[in-house]
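Beneath this line is the structure, given in structure tokens, with notes to follow.
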Amino acid sequence: MTERAEAVRRIGIRRDPADAPALRAALGDADPAARAMACRALGWQRDPRLAPDLIGALTDPEPDVRDHAVRALGVCLGGRSTPPAAAAALIDALADPDPIVRASAARTCGWLEVDGARPALRARLSDDDSGPVRAEAAHALGRLGDAQSTPALLAALGAPHAGLRHHAARALGLLDADALAHLKPCLADPDAEVRVAALRVVARLADDPGPIAAALRDPNPGVRATAAILAADSSIPDAALAEALAAEPHPEARHHLVRALIRRGERSGAPDPPDPRSPAMPDPADPAAFGPTGDPSHRRSAPAAERNRGPIADVLADRLPPGPVLEIAAGSGTHTAFFAHRFPDHVWLPTDLDPDALASIEGWRAAAAAEGRPLDNVRPAQRLDVCADVWPVESAGAVFCANMIHIAPWAATPGLMSGAARILTPGGRLFLYGPFRFDGRFTAPSNARFDGWLKAQDPRFGVRDLGEVSAVAAERGLARIEVIAMPANNHVIVFERR
Ligand SMILES: C[S@@+](CC[C@H](N)C(=O)[O-])C[C@H]1O[C@@H](n2cnc3c(N)ncnc32)[C@H](O)[C@@H]1O
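For the sequence shown, position 211 matches number 909 in my numbering, and the numbering has no gaps at all.
What follows is the structure, encoded as structure tokens:
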């Protein structure tokens, strides 16, 4: 980063409305890096009155400045109605000579639901020579519910770019298009993400459990886990699910098969199936560090994370302080990739204890780069055991940790709180996501059953009591400031470093 850009960044991270004039002035700086940073910093203010300044920056000669101006418009206007001048500027940006700007414009048009962008997005989907731009256009048209784009989306299912096939399949699902015959071949797509997207839609449209049963034998565990989720409401016999469970080596796919059988048991009044044993947690003392890195084929899908990442991102959107975000127990990297795209102005530092998880996170980074939309704001995945006295990160504005403290011995909770308190800057926040007990009581019968299942995996695991977790945090200078109820009886707990 240039010195002038760094100076603008320092002003920007204060998020003080009184700094807006200085940031506006920086849009005219001779240094393009400073101008790009000024766009980002204006976005951080989240003030729609700054949209005209960002619209002005869309005529900047530097593509990087225009790209940041587009993204900052999305940040400023997210959750609000888009003023006509901003909609028109974003539609113009869809024709920008630079494909990165066009891709950002397509993503922002979808995110802000710019209705008037439909014709231009259709044109990008059909004619753009960049696969990532076409993929973003497909995604946006799905979000906009644009039925007119169905023929182009069907054609995109055969495109060479995996990201485009994936987004086209998802968009067709959102549009409820009559696409069954076209989507069935995608169940054999070489890319696992495309198979997952196609399976979801086919399972809903087809009156046949065959595709789900076949996907339970897919070589990719993410596809099998998705099939397990869908199997719960299918007509696949219980015996076939039990057989799949017996053969399933991957913990997450096993988890969803068990849940499917439990749901069926609830409906029929039969007792719960016996809990399976899954491989033990990795030994925190194991010195193994990184797994093989940077190979897209190591990327794993986590269907639960795919479902909860949107609602979690909505919680983070208004609450993330400036500064790098340290992600603890990032697992597959599904959250990492999604949040990094959603919060382009935050540097994301993914970590996990498990070398396979690190390889999967690196797989997401490599796949994103190969698809032409690199996760520039994601640093290489690092091994981090929350129980260690020294963490590989010295300072962060926020720590995010989903679904770890109940799937680890209790020592992980004080470990997490001690480490977060060490590295968070004052005012920094820890976001903790997962199921909790309140005053010793479960919030739902499903959480009580989940607790039993966890303890069957390892008696040291279990759904934690929020009071106990908060007490451990408070002892270390982390004040609980918010408890937010989430779908599926989960919560986000926000702690702040005093
Ligand atoms: C259920 S996964 C959650 C993954 C991801 N956060 C999500 O919500 O999809 C639990 C993760 O916690 C990690 N983990 C367990 N003990 C840990 C520890 N002591 N330090 C860091 N990570 C740990 C595991 O390796 C695993 O990836």
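Ideal placement from N, C-alpha and C gives every residue a C-beta, glycine not left out.
### Query
How many angstroms separate the CA atom of L870 from the CA atom of I934?
Here the question's residue 870 lines up with position 172 in the sequence shown. Here the question's residue 934 lines up with position 236 in the sequence shown. Distance from the CA of L870 to the CA of I934, rounded to the nearest whole angstrom, comes to 25 angstroms.
#### Entry: Alpha-carbon to alpha-carbon, A1015 and I1191
Counting from 1 along the sequence shown, the entry for residue 1191 is found at position 493. Counting from 1 along the sequence shown, the entry for residue 1015 is found at position 317. Roughly 15 angstroms between the two C-alpha positions.
### Task
Please name the residue or residues paired with G710 in a DSSP beta bridge.
Here residue 710 corresponds to residue number 12 of the sequence shown, with the count starting at 1. In the DSSP secondary-structure assignment, G710 is not bridged to any residue.
### Query
Given 8 angstroms as the limit, is there contact between the region 943-958 and the region 908-923, that is, 3 or more CB pairs closer than that?
Enough Cβ pairs lie closer than 8 angstroms, so yes.
### Task
Can you have a look at W1062 and say buried or exposed, based on whether 16 or more other CB atoms are within 10 angstroms of its CB?
Counting from one through the sequence shown, the residue named residue 1062 turns up at place 364. In summary, W1062 is buried, with 16 or more beta-carbon neighbours lying within 10 Å of its beta-carbon over all protein chains present.
### Query
To which residues of the same chain is E1092 closer than 8 angstroms at the C-beta, ignoring the five residues directly before and after it?
As a working mapping, residue 1092 is identified with position 394 in the sequence shown. Excluding sequence neighbours, E1092 sits near I1121.
### Query
Just to confirm, does A804 get its C-beta within under 7 angstroms of one of the non-hydrogen atoms of ligand 1?
Residue mapping note: residue 804 aligns to position 106 of the sequence shown, counting from 1. Outside the cutoff, so no.
### Task
Please classify E1004: does DSSP put it in a helix, a strand, or coil?
Stepping through the sequence shown from its first residue, residue 1004 is reached at position 306. Assigned with DSSP and collapsed to three states, E1004 falls in helix.
### Query
Which residue from L1051, A940, D876, I1059 puts its Cα closest to that of R1077?
Indexing the sequence shown from 1 puts residue 1077 at position 379. When each option's Cα is compared against that of R1077, the closest is I1059.
#### Entry: Reduced DSSP secondary structure (H/G/I, E/B, other) of P977
As a working note, residue 977 is residue 279 in the sequence shown. Low per-residue confidence applies at P977: pLDDT is 29, beneath 50, and the placement is therefore not dependable enough to give any value.
#### Entry: Pairwise C-alpha distance: A728 and Y1131
To locate residue 1131, count along the sequence shown from 1; it is residue 433. To locate residue 728, count along the sequence shown from 1; it is residue 30. Going by the C-alpha atoms only, they are around 44 angstroms apart.
### Query
How about A1055: is its Cβ closer than 7 angstroms to a heavy atom in ligand 1?
Working through the sequence shown from its first residue, we reach residue 1055 at position 357. Yes, since a heavy atom of ligand 1 falls inside the 7 angstroms radius drawn around the Cβ of A1055.
### Query
How about P1022 and L1047: do their beta carbons lie closer than 8 angstroms?
In the sequence shown, the residue the question calls residue 1022 occupies position 324. In the sequence shown, the residue the question calls residue 1047 occupies position 349. The Cβ atoms of P1022 and L1047 sit closer than 8 angstroms to each other.
### Message
Could you check whether R713 and L725 sit closer than 8 angstroms to each other, using their CB atoms as the reference points?
### Response
Numbered from 1 along the sequence shown, position 27 holds the residue referred to as residue 725. Numbered from 1 along the sequence shown, position 15 holds the residue referred to as residue 713. No, these two residues do not count as a Cβ contact at 8 angstroms.
### Query
When you compare each of A1057, M1102, A1066 to R1221 by their alpha carbons, which one comes out closest?
Any property of residue 1221 remains undetermined from this structure, which presents the chain solely from 699 to 1196.
### Query
Just how far apart, CA to CA, sit H865 and G1160?
Indexing the sequence shown from 1 puts residue 865 at position 167. Indexing the sequence shown from 1 puts residue 1160 at position 462. So the alpha carbons of these two residues sit roughly 37 angstroms apart.
### Query
Which one of G1138, A1096, P1001, R863 has the shortest CA to CA distance from A1119?
One-based indexing of the sequence shown puts residue 1119 at position 421. Per the Cα distances, A1096.
### Query
Closest to R703 by CA distance: which of P715, D717, A716, L721 is it?
Within the sequence shown, the letter at position 5 stands for residue 703. Inspection of the sequence shows that residue 703 is occupied by Ala rather than by Arg. Ranking P715, D717, A716, L721 by Cα distance to A703 puts L721 first.
### Query
Using CA coordinates, which residue listed in H948, D827, A875 is at the minimum distance from P849?
Mapped onto the sequence shown, residue 849 falls at position 151. When each option's Cα is compared against that of P849, the closest is A875.
### Query
What's the call for G1113, buried or exposed, on a 16-neighbour Cβ count within 10 Å?
Within the sequence shown, numbered from 1, the residue matching residue 1113 stands at position 415. Looking at its Cβ environment, which holds 16 or more other Cβ atoms inside 10 Å, G1113 is buried.
### Message
I need the boundaries of the alpha helix (DSSP H) containing F1134, first residue and last residue.
### Response
Numbered from 1 along the sequence shown, position 436 holds the residue referred to as residue 1134. Bounds of any alpha helix (DSSP H) do not take in F1134, whose DSSP letter is neither H nor E.
### Query
Hey, would you say G814 sits closer than 8 angstroms to H837, going by beta carbons?
Mapped onto the sequence shown, residue 814 falls at position 116. Mapped onto the sequence shown, residue 837 falls at position 139. No. Outside cutoff.
### Task
Return yes when the Cβ of P1107 is within less than 8 angstroms of the Cβ of R1162, no when it is not.
For the purposes of this step, residue 1162 is taken as residue 464 along the sequence shown, with counting starting at 1. For the purposes of this step, residue 1107 is taken as residue 409 along the sequence shown, with counting starting at 1. No; because the gap between Cβ atoms is not below 8 angstroms, this pair is not in contact.
### Message
Can you give me the C-alpha to C-alpha distance between Q743 and R1017, rounded to a whole angstrom?
### Response
Here residue 743 is taken as the residue at index 45 of the sequence shown, counted from 1. Here residue 1017 is taken as the residue at index 319 of the sequence shown, counted from 1. Cα to Cα, Q743 sits roughly 13 angstroms from R1017.
### Query
Ordered along the chain, which non-local residues of its own chain (more than five positions away) have a Cβ less than 6 angstroms from that of P930?
Mapped onto the sequence shown, residue 930 falls at position 232. Rather than Pro, the amino acid found at residue 930 in this sequence is Ala. Around A930: A958, R961.
### Query
When every heavy atom of ligand 1 is checked, does at least one fall within less than 7 angstroms of the C-beta of I1105?
Translated into positions along the sequence shown, residue 1105 becomes position 407. The answer is yes for I1105.
### Message
Considering just the uninterrupted stretch of the beta strand (DSSP E) at D727, what are its terminal residues?
### Response
Taking the first residue of the sequence shown as position 1, residue 727 is located at position 29. Premise fails: D727 is in no beta strand (DSSP E) and is neither H nor E.
### Query
Would V831 pass as a contact of T780 if the rule is Cβ separation under 8 angstroms?
As a position in the sequence shown, residue 831 is number 133, starting the count at 1. As a position in the sequence shown, residue 780 is number 82, starting the count at 1. Cβ atoms of V831 and T780: not closer than 8 angstroms.
### Message
Suppose contacts are defined by Cβ-Cβ distances below 8 angstroms. Is A845 in contact with L855 by that definition?
### Response
Within the sequence shown, residue 845 is the residue found at index 147, counting from 1. Within the sequence shown, residue 855 is the residue found at index 157, counting from 1. Not a contact, by the Cβ cut-off of 8 angstroms.
### Query
Whose C-alpha, out of E1173, C1099, G1008, is nearest the C-alpha of A1028?
Stepping through the sequence shown from its first residue, residue 1028 is reached at position 330. Measuring from the Cα of A1028, the nearest candidate turns out to be C1099.
### Query
Assuming L873 and G843 make a contact with CB atoms under 8 angstroms, what is their CB distance in whole Å?
By 1-based counting over the sequence shown, the position of residue 873 is 175. By 1-based counting over the sequence shown, the position of residue 843 is 145. Confirmed, about 6 angstroms.
### Query
What residue range is occupied by the uninterrupted alpha helix (DSSP H) comprising D908?
Numbered from 1 along the sequence shown, position 210 holds the residue referred to as residue 908. What sits at residue 908 in the sequence shown is Gly, not Asp. 908-913 is the span of the alpha helix (DSSP H), which, as asked, contains G908.
### Per-residue burial, R1135 [other beta carbons within 10 Å of its own, 16 or more giving buried]
Start at 1 with the first residue of the sequence shown, and residue 1135 comes out as number 437. Burial call: buried.
### Message
Within a Cβ cutoff of 6 angstroms, which residues of the same chain sit near M735, ignoring the five residues on either side of it in sequence?
### Response
The residue labelled residue 735 in the question sits at position 37 within the sequence shown. Spatial neighbours of M735 in its own chain (CB-CB distance under 6 angstroms, excluding positions within 5 residues in sequence) are listed in chain order as A703, V706, R707.
### Message
Taking 7 angstroms as the cut-off, is the beta-carbon of V1084 closer than that to any non-hydrogen atom of ligand 3?
### Response
Judged by which ligands are present, ligand 3 is missing from the structure shown, whose ligands are ligand 1.
#### Entry: Straight-line gap, F1193 to A1171 (C-alpha atoms, nearest Å)
Counted from its first residue, the sequence shown places residue 1193 at position 495. Counted from its first residue, the sequence shown places residue 1171 at position 473. F1193 and A1171 have their C-alpha atoms roughly 8 angstroms apart.
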